[in-house]
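Input: a single structure, listed below in structure tokens.
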Amino acid sequence: MIKGSCMCGEVTYAINGEIGDITHCHCTTCRKAHGTAFSSVAAVQMKDFEFTSGEELIKCYRSSPDKVRCFCSNCGSHIYAHREGQSHYILRLGTLDDDPGARPVNHIWVSLKAPWYNLETDCGLPKYDEWPDDR
Ligand SMILES: [Zn+2]
Ligand SMILES: [Zn+2]
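Counting from 0, one number per residue, gives the positions in the sequence shown under numbering that gives the first Met the number 0.
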């Protein structure tokens, strides 16, 4: 079982099964929804996903005619998106509390990526366990 939760902790969920390959999506709606350079997502079969608390707090925003993005209405954490007719949710991986096992396989919608994010060089930037030393 793979567990996840929103930022405030009211919404929790469990996945009874595997998740699909991880994709980093750079599309404009993902960037806006998450306030980030890209969102990291993976498919999870609807039958494998269950809310373990806080389902009543979930609100969904229709960002495309056939797609909704569902989030905790208390803290704003995006949990999943769903496209009409599909049997899987598109899980927002930042809400996972466990390592799902799957790993990233690609970046999509790079044509819409943020101009300030460099796919070739940003992974090579200095790294700190917490804040930079000179903060
Ligand atoms: Zn929340
Ligand atoms: Zn996207």
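Each residue gets a CB set at the ideal place from its N, CA and C atoms; glycine is no exception.
Q: Have a look at residue 97 and residue 3 and give me their C-alpha separation to the nearest angstrom.
A: Locating residue 97 in the sequence shown gives position 98, counting from the first residue. Locating residue 3 in the sequence shown gives position 4, counting from the first residue. The alpha-carbon atoms of residue 97 and residue 3 are separated by roughly 7 angstroms.
Q.
Using a Cβ distance threshold of 8 angstroms, determine whether the stretch 35 to 55 contacts the stretch 122 to 134, with at least three qualifying pairs required.
A. Too few Cβ pairs lie closer than 8 angstroms, so no.
Q. Going by beta carbon distance, what residues of the same chain come within less than 6 angstroms of residue 53, once the five residues before and after it are set aside?
A. Counting from 1 along the sequence shown, the entry for residue 53 is found at position 54. Within the same chain, residue 53 has close Cβ partners 9 and 10.
Q) Closer than 8 angstroms: is that where the CB of residue 72 sits relative to any heavy atom of ligand 2? A) Working through the sequence shown from its first residue, we reach residue 72 at position 73. Not under cutoff, so the answer is no.
Q | Start-to-end residues for the beta strand (DSSP E) that takes in residue 151 | A | A question about residue 151 goes unanswered here, because the residues of the chain that appear run from 0 up to 134.
**Q.** Unbroken beta strand (DSSP E) run spanning residue 25, endpoints
**A.** For this step, residue 25 is matched to residue 26 along the sequence shown. Where residue 25 is concerned, there is no enclosing beta strand (DSSP E), given that its DSSP letter is neither H nor E.
Q) Does the pairing of the stretch 120 to 129 with the stretch 76 to 90 give three or more beta-carbon distances under 8 angstroms? A) With a cut-off of 8 angstroms, the stretch 76 to 90 and the stretch 120 to 129 do not count as touching, because too few Cβ pairs lie within range.
Q) What are the residues that DSSP puts in a beta bridge with residue 44? A) By one-based count along the sequence shown, residue 44 stands at place 45. By DSSP's assignment, residue 44 forms a beta bridge with 87.
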